[in-house]
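Here the structure is laid out as C-alpha cells; the discussion comes afterwards.
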Amino acid sequence: MEERHLICIGCPVGCALTVKTEQGAVISVEGNTCKRGREYGEKEVTAPARTVTTTVTVTGGKIPAVSVRTRTDIPKEKIFDCIRALKGIQIPAPVHTGDIILADAAGTGVDVVATKTVELR
Amino acid sequence: MEAYDVVIIGGGPAGLAAAVAAKEHGIQKILILERDRELGGILNQCIHNGFGLHTFKEELTGPEYALRYIKKVQELDIEYRLNTMVADISPERVITALNREDGLLEIKAEAVILAMGCRERSRGALNIPGYRPAGIFSAGTAQRLVNMEGYLPGRKVVILGSGDIGLIMARRMTLEGAKVKAVAELMPYSGGLRRNIVQCLEDYGIPLKLSHTVVDIKGRERVEGVTLAKVDERGKPIPGTEEEYACDTLLLSVGLIPENEISGKMGVELNPVTSGPVVNESLETNIPGVFACGNVLHVHDLVDFVSQEAAAAGRFAADFIRNKKSFQENQEREEIRDSHEIRIISDGGVRYTIPSFIRPEYMEESLTIRFRVGRVYRDCYVCVYFDEKLVIRKKRLYAAPGEMEELILKKAQLMEYPALKQITIKIQEA
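Those sequence lines, one after another, are chains B and G. By the UniProt record's numbering, the letter at position 8 of the first sequence is numbered 8, and the numbering carries on one by one without gaps. By the UniProt record's numbering, the letter at position 74 of the second sequence is numbered 74, and the numbering carries on one by one without gaps.
What follows is the structure in C-alpha cells.
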C-alpha cells in the first residue's frame, strides 16, 4: 500500500489530504472536508488534471490580447501542448466571452474558450 | 452640483457588489466612479481560474467573475463613469473628480462607499541594495503587462515574495516561455494560499526558498542577476549563505497596502495594523455615511469574500439613507455609540478584526467577523470571550497569516448579554 500526502486545490481552503493506493487503485481519501476534495484526491494520484488559462493575440481590437481558458481541466501532461497549440493563433476582434478559440485543444477533446469580450477598435 | 444617494469610489469587485446590493435594497440614484478604462478592477488581469466557488458554485476566471457583476450593474441600470479619477472627498461627502469628458466634477453624495482597493508594496519599501536597472517589476505590474497589454517583461526570472500574485505570476511567466528560477520568501512560511504553492510552483518544479531574501541586484542598465541569502529568525541575512542567480527580471510580491490616501485626507480613522479604515458592524467609518469594503478596508485573499463584504456595505449604506433622520444628527449618533458600543479586542495571535466594534441594535441577524492570525498555527482553537466568559471555541486544523479567518456572531446571541462591553478573540494552541 502506498500513501500520498496532498494539498487539495479544489478551493482556497487547501485541505491536507492523505490518499492511500494499492497497485495504482485508490483505497481511501482522508482529510477532505467536501466531495470536491475526495474527487481531487482520487484524480490527482491516478490522472492529474488542471485548467489552463493564458492569453491569445487579438487583431483590430480595443486591447491586444484576450484571456482564454480550457473549458474544463485537461491532463496535466498536456498543459504545454495546449499552450503551444495556442501560441500561433491570432483572433480578429470582436471576441466574446465564451467564444471557442481553439476546438479540441492538443487532442484533449476540450475546447479553449475566451473569458473576456474584446470589442472592435 | 450633481447629487446622488450613494457614490461608490472604485469599480472593482468591491464597488460592483456594493452597487448591486444598494440598488437591490431600494436605492435609486447610485454612481460608480472608476479610474481605469473598464469596470472589473484587478479581476481583469487575474485571468487564472479559482474565482467564485463560494459565490457562484463554479470555478471562474477573474474576467468571467467580473462580468457576472458588470452584467448585474448594467441590468439594474446603475450609472458608472470610467476614466474618472477621484481627487478629494470632503467630510460633508462632496466628491471632487476629474475626467476628459466632464473636466472637473463635484458630486454630492448622501452616502459614500470607499472601494478603492489596494496597491503593491514597491522596491522602495524593502531596502534592497544594488543599482536601479530596468527589469524590476511588482508582480501585479508584470501581470497586467502579460495578461492585458501583451508584453512579456523578461525571460529569466526570480521572484521575491510568495504572496498569491507572485505565485500566480511564477506559473504565468513559465507558461509564456520564461524560466522562473526561484521564488524567495523572507518568512519561514509562504504568504500565499497553499493551493497556489501546489498548482503554481510544484506543478512546474519551481523552487520555493523559505527564509531567503534578495541581498544584491546586479546590472546597471538591465538586471543581470540577483543574490539570494538565507536569513536568521530575525530576518537578517546569514553571511556565507549567498547564492547567485543569473536573471534579467526580478518580480516583487511583497505585500499589498490598502489605498487610503483620500480616506485619510477626509478624516477617516485608519487602523495601523490593516492600513484600512476602522469600521463598525455596518462597515461604516468614523465619518457618518462613509462606508468601506474590499481591499481598501483590509487586504483579502479571496474575491468571494470581497463580494460578500461589499454587498453588506451596500445594504448598510441603503439602511443609512433610509434611516437618515436618526443617523444624521451627530449628537444623537455619539450617544448611540457611547451607550451601545461593544469593542472587539484582538488578542493572543489575532492581528486584527473587521469590524472593530459592534452596535448590536444595528446588526443584521448574523455578522461575519473577519480576522488574520500572526503566524502559522496547527491544531489551534479560535476562542471568543464575551467580557470574561468563553462563548465560542472552534477548532482549526491550520491557520496562517496568508489565509483570512472568519467567524459568525449571531445578533440573538449578543442580545443575551445586554451589559456586554467587549468581545475578545484569541487563538489558543491545543
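Virtual Cβ for every residue (Gly too), placed ideally from N, Cα, C. Note that the structure is a prediction, hence the values are computed from the model and not measured.
Beta carbon proximity, residue i to chain G, threshold 7 Å
| i | result |
| --- | --- |
| residue 78/B | no |
| residue 84/B | no |
| residue 67/B | yes |
| residue 109/B | no |
| residue 27/B | no |
| residue 53/B | yes |
| residue 116/B | yes |
| residue 7/B | yes |
| residue 14/B | yes |
Within-7 Å CB hit, residue i to chain B
| i | result |
| --- | --- |
| residue 256/G | no |
| residue 48/G | yes |
| residue 193/G | yes |
| residue 74/G | no |
| residue 63/G | yes |
| residue 198/G | yes |
| residue 160/G | no |
| residue 104/G | no |
| residue 82/G | no |
| residue 302/G | yes |
| residue 175/G | yes |
| residue 6/G | no |
Endpoints, the alpha helix (DSSP H) within which residue i is located
| i | result |
| --- | --- |
| residue 200/G | Looking at the DSSP string, residue 200/G is not in any alpha helix (DSSP H), and its letter there is neither H nor E. |
| residue 82/B | 79 to 87 |
| residue 63/G | 62 to 75 |
| residue 413/G | 411 to 415 |
| residue 164/G | 164 to 175 |
| residue 126/B | Outside the modelled stretch of chain B, which goes from 1 to 121, sits residue 126/B, for which no answer is possible. |
| residue 2/G | That residue, residue 2/G, is in no alpha helix (DSSP H); its beta strand (DSSP E) goes 2 to 9. |
| residue 24/G | 13 to 24 |
| residue 308/G | 303 to 322 |
Under 7 Å by beta carbon: chain G residues contacting residue i
| i | result |
| --- | --- |
| residue 63/B | 148 |
| residue 18/B | Per Cβ cutoff of 7 Å: no residues; residue 18/B is ~13 Å from chain G at best. |
Residue i versus residue j: straight-line alpha-carbon distance, rounded
| i | j | result |
| --- | --- | --- |
| residue 258/G | residue 104/B | 42 Å |
| residue 57/G | residue 174/G | 29 Å |
| residue 342/G | residue 366/G | 15 Å |
| residue 124/G | residue 27/B | 53 Å |
| residue 94/B | residue 62/G | 20 Å |
| residue 35/G | residue 61/B | 21 Å |
| residue 24/B | residue 4/B | 12 Å |
| residue 281/G | residue 370/G | 11 Å |
| residue 337/G | residue 403/G | Because the pLDDT at residue 337/G is just 48, under 50, the model does not fix this residue reliably, and the point stays unresolved. |
| residue 6/B | residue 13/G | 31 Å |
| residue 357/G | residue 279/G | 7 Å |
| residue 206/G | residue 254/G | 18 Å |
| residue 426/G | residue 349/G | 6 Å |
| residue 387/G | residue 147/G | 50 Å |
| residue 418/G | residue 407/G | 21 Å |
Closer than 7 Å at the beta carbon, the chain C residues around residue i
| i | result |
| --- | --- |
| residue 53/G | Here the protein chains are B and G, and chain C is not one of them. |
Strand pairing of residue i, partner residues [DSSP]
| i | result |
| --- | --- |
| residue 136/G | 250/G |
| residue 406/G | 370/G |
| residue 80/G | 32/G |
| residue 5/B | 18/B |
| residue 118/G | 258/G |
| residue 228/G | 214/G, 243/G |
| residue 88/G | 96/G |
| residue 352/G | 372/G |
| residue 57/G | Bridge partners of residue 57/G: none, in fact. |
| residue 157/G | 180/G, 249/G |
| residue 23/B | Per DSSP, none; premise fails for residue 23/B. |
| residue 277/G | 270/G |
| residue 143/G | Answer is none; residue 143/G lacks a bridge partner. |
Range covered by the beta strand (DSSP E) that runs through residue i
| i | result |
| --- | --- |
| residue 66/B | 65 to 70 |
| residue 180/G | 179 to 185 |
| residue 101/B | 100 to 102 |
| residue 429/G | 422 to 429 |
| residue 346/G | 342 to 347 |
| residue 59/B | 53 to 59 |
| residue 112/B | 112 to 114 |
| residue 379/G | 377 to 386 |
Interface partners of residue i on chain B, CB under 8 Å
| i | result |
| --- | --- |
| residue 16/G | Within chain B, no residue comes near residue 16/G; the closest Cβ sits about 16 Å away, beyond 8 Å. |
| residue 67/G | 97, 116, 117 |
Proximal chain B residues relative to residue i, where beta-carbon distance stays under 9 Å
| i | result |
| --- | --- |
| residue 203/G | 48, 50, 76, 79 |
Closer than 8 Å at the beta carbon, the chain G residues around residue i
| i | result |
| --- | --- |
| residue 122/B | Nothing about residue 122/B can be read from this structure; chain B reaches only from 1 to 121. |
| residue 57/B | 150 |
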